[in-house]
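Take the sequence shown: its letter number 146 is residue 146 in the UniProt record's numbering, and every next letter is one higher. So the structure is just underneath, and the comments pick up after that.
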Amino acid sequence: MSYILAGVLCIPTALSKAELITAMPKAGGDYFYIMRGFGPLFGTIAGLSAWFSLSLKGAFALLGMGAYLSIFTHLPIHIIAVICCLFFIILNLVGVKEAGFFQVLLVLGLFGILLCYVFLGAKNIKPDNFSPFFSCGVNSVFTTASFVFISYGGLTKIAALAEETRNPGKTIPLGMISALAIICILYAAVLIVTIGVMNPQTLKETLTPISDGAYVFGGNVFKIVISVAAFLAFISTA
């Protein structure tokens with residue numbers, strides 16, 4: 001519910017940004033739009049705020065990659081995170097085109113694996129794991145939504161590339177809205193399966209819930225596959 005709520009809260013932002021992109025398809029994203037409306041000072045503040053928010057999202061993703069890779073490498077999480085960070089810096093220095101192609105491959109691979117996870121795991125869901133529902137009250141849903149909101153943090157950042165996109169007035173708004181709908185549904189489906197197949201106490205203690213959920217109904221092989229998918233998800237986020 002928290003992921004769905006966070007996705008719904010993103011709708012006004014996505015629609016507003018889509019309208020701005022259609023009217024002013026310029027590079028710069030938040031900085032350009034706010035600068036045009038309120039002046040350079042507020043534009044600079046907005047630009048720096050966007051940079052800090054993306055840095056936080058990137059740090060979150062890098063730590064997630066460290067957690068999953070530590071399963072196989074047994075290295076400290078922060079060491080793996082630093083190595084991954086350096087890899088992405090080098091990749092982006094090589095060229096935006098190469099990084100974009102790499103991103104497309106990641107997303108396609110991730111979607112395929114997660115869809116398999118959802119369809120296979122749905123057969124093994126235990127309804128008792130969802131009882132009691134809302135055990136901590138509705139307030140906990142809103143609190144959790146504030147934490148997972150970062151999962152949608154990159155949704156509107158594509159506006160920064162409006163000037164470099166073919167037919168941005170149509171392509172980017174359609175991509176943003178489609179991505180929001182698809183990701184919101186996929187987040188909810190993956191979490192429903194994960195909660196439904198895992199013991200609540202195990203779910204509470206693990207740092208790799210999706211991999212552990214895959215192990216319940218797919219064994220070690222599927223656990224490794226899902227770990228790869230989770231790693232790909234964090235890469236696409238970073």
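Heads up, the beta-carbon is just placed ideally off N, CA and C, and yes, glycines get one too.
Quiz item: DSSP state of K126, grouped into three classes?
Solution: Correct three-state label for K126: coil.
Self-check item: Contact set for L120: own chain, Cβ-Cβ below 7 Å, skip 5 residues either direction
Solution: Around L120: F217 and G218.
Practice problem: Just the C-alpha distance for W51 and F222, rounded to the nearest angstrom, thanks. | Solution: Approximately 36 Å between the Cα atoms of the pair.
Quiz prompt | V148 beta carbon less than 8 Å from that of S2 | solution = yes
Quiz item: How big is the Cα-Cα spacing for L15 and I185?
Solution: Cα-Cα distance, rounded: 18 Å.
Quiz item: Rounded to a whole number of angstroms, what is the C-alpha to C-alpha distance between E228 and L207?
Solution: The sequence shown places Val at residue 228, rather than the Glu named in the question. If you take the alpha carbons of V228 and L207, they lie about 15 Å apart.
Practice problem: Kindly give me the distance between the Cβ atoms of A159 and I21, rounded to whole angstroms, as I take these residues to be in contact under 8 Å. | Solution: 5 Å
Quiz prompt | Closest residue to N129 among A179, Q201 and L63 (Cα-Cα distance) | solution = Q201
Exercise. Tell me whether L161 sits in a helix, a strand or coil according to DSSP, three-state version.
Key: L161 carries a helical assignment under DSSP once its states are collapsed to helix, strand and coil.
Quiz item: Whose CA, out of I125, P76 and L105, lies closest to the CA of N199?
Solution: The residue with the shortest Cα to Cα distance from N199 is I125.
Quiz item: Just the Cα atoms here: how many angstroms apart are I80 and A23?
Solution: 43 Å
Practice problem: Go ahead and label S151 buried or exposed: buried means 16 or more other beta carbons lie within 10 angstroms of its beta carbon, across all protein chains shown. | Solution: buried
Quiz item: In whole angstroms, what is the alpha-carbon distance linking F38 and L62?
Solution: 35 Å
Quiz item: Residue range of the alpha helix (DSSP H) that C85 falls in?
Solution: Note, C85: alpha helix (DSSP H), I77 to V94.
Quiz item: Relative to the alpha-carbon of K157, which residue among L9, S146, N167 and I172 has its alpha-carbon at the smallest distance?
Solution: I172
Quiz item: Nearest to V225 by alpha carbon, out of L114, A179 and K170?
Solution: L114
Quiz item: I think Y117 touches V193, with their Cβ atoms under 8 Å apart; what is that distance to the nearest whole Å?
Solution: 7 Å
Self-check item: 8 Å Cβ cutoff, I45 in contact with chain C
Solution: Checking the listed chains, one finds no chain C in this structure; it contains a single protein chain.
Quiz item: Shortest alpha-carbon distance to G47 belongs to which of G58, I34, A59 and K57?
Solution: I34
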